[in-house]
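Quick notes on the structure that follows.
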Amino acid sequence: AQSVAQPEDQVNVAEGNPLTVKCTYSVSGNPYLFWYVQYPNRGLQFLLKYITGDNLVKGSYGFEAEFNKSQTSFHLKKPSALVSDSALYFCAVRDMGSNTGKLIFGQGTTLQVKP
Amino acid sequence: DVKVTQSSRYLVKRTGEKVFLECVQDMDHENMFWYRQDPGLGLRLIYFSYDVKMKEKGDIPEGYSVSREKKERFSLILESASTNQTSMYLCASSPIAGALPYEQYFGPGTRLTVT
Numbered sequence: 062a063q064s065v066a067q068p069e070d071q072v073n074v075a076e077g078n079p080l081t082v083k084c085t086y087s088v089s090g091n092p093y094l095f096w097y098v099q100y101p102n103r104g105l106q107f108l109l110k111y112i113t114g115d116n117l118v119k120g121s122y123g124f125e126a127e128f129n130k131s132q133t134s135f136h137l138k139k140p141s142a143l144v145s146d147s148a149l150y151f152c153a154v155r156d157m158g159s160n161t162g163k164l165i166f167g168q169g170t171t172l173q174v175k176p
Numbered sequence: 020d021v022k023v024t025q026s027s028r029y030l031v032k033r034t035g036e037k038v039f040l041e042c043v044q045d046m047d048h049e050n051m052f053w054y055r056q057d058p059g060l061g062l063r064l065i066y067f068s069y070d071v072k073m074k075e076k077g078d079i080p081e082g083y084s085v086s087r088e089k090k091e092r093f094s095l096i097l098e099s100a101s102t103n104q105t106s107m108y109l110c111a112s113s114p115i116a117g118a119l120p121y122e123q124y125f126g127p128g129t130r131l132t133v134t
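Below is the structure:
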């Protein structure tokens, strides 16, 4: 079965330090992977996606993600965290058994950036 | 910019009431989705629609139905609201996917409380 796992419920980091939010996936074939961010009382905003090619994907707000096929991971990273990055982050993978663009989401990771 | 709007940000209903949640997108997208979001469970797909009057069940369709009479509008219906349907409901849309990895665009969400 296809799935996405975010092994950490919460990540705490000090402002200015690098951050990593982890995501692992399980799909057959080559995956399409996504990261979304949700600020309090808001809908999800798209950050970036991996389709093919370069394993390092750059996205919005200075975020990037590294695709690692051998480890089936797609970790979200940022070199220097801001307090305003504090939010709920979701990793998602395209359901490869469907042509309708369905996404399978992880359970979410809360990022807390302390001043 | 894609805009997905939802009819209410907050809604309080009584057990047994019929509840309608409305979603409208302005980008002529073929696909529309309804999710519910619960802490620790991520986003779970309730129903989706890939064309007018076409719908498919998602992972948790029990207790819900949907209607798509026009391309831009996708309604979620709780036939007889129950307290376990208290949740955040998110609507999303995307272009028809086929083999292409389009991201989904989300509305701001409706926080429904059933008492």
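Heads up: the protein sequence lines correspond to chains H and F, in order.
One rule links them: number in our numbering = place in the first sequence (from 1) + 61.
One rule links them: number in our numbering = place in the second sequence (from 1) + 19.
Heads up, the beta-carbon is just placed ideally off N, CA and C, and yes, glycines get one too.
Check	Outcome
8 Å CB neighbourhood of F:MET107 in its chain, flanking five on each side removed	ARG55, GLN56, ASP57, GLY128, THR129, ARG130, LEU131
Touch test, the region 82 to 98 of chain F against the region 121 to 131 of chain H, Cβ-Cβ under 8 Å, three pairs minimum	no
Simplified DSSP assignment, three categories, for H:GLN168	coil
Interface flag, F:SER26 vs chain H, CB-CB below 7 Å	no
Residues sharing a beta bridge with F:GLY167, DSSP	No statement about residue 167 of chain F is possible, as the shown extent of chain F runs from 20 to 134 and does not include it.
Per-residue burial, F:PHE39 [other beta carbons within 10 Å of its own, 16 or more giving buried]	exposed
Chain H residues whose Cβ lies nearer than 8 Å to that of F:SER113	GLY162
H:LYS139 to F:GLU75 span [Cα, whole Å]	37 Å
Contact the region 142 to 155 of chain H vs the region 96 to 103 of chain H: 3+ CB pairs below 8 Å	yes
7 Å Cβ cutoff, H:LYS130 in contact with chain F	no
Residues bridged to H:GLN99 (per DSSP)	H:LEU105, H:LEU149
For F:THR132, three-class secondary structure by DSSP	strand
Same chain, Cβ closer than 8 Å to F:GLU30, neighbours up to 5 away in sequence not counted	Before going on, a small fix: residue 30 of chain F reads as Leu here, not Glu. Only VAL38, LEU40, THR129, ARG130, LEU131, THR132 meet the Cβ criterion.
F:SER68 and F:MET46 closer than 7 Å at C-beta	no
Min CB distance H:TYR93 to chain F below 7 Å	yes
Nonlocal neighbours in the same chain, by C-beta distance under 6 Å from H:VAL74, ignoring five residues either side	LEU80, ALA142, VAL174
Check whether H:PHE166 and F:LEU62 have beta carbons under 7 Å apart	yes
DSSP three-state assignment for F:THR105, whether helix, strand or coil	coil
Beta carbon proximity, F:PRO120 to chain H, threshold 7 Å	yes
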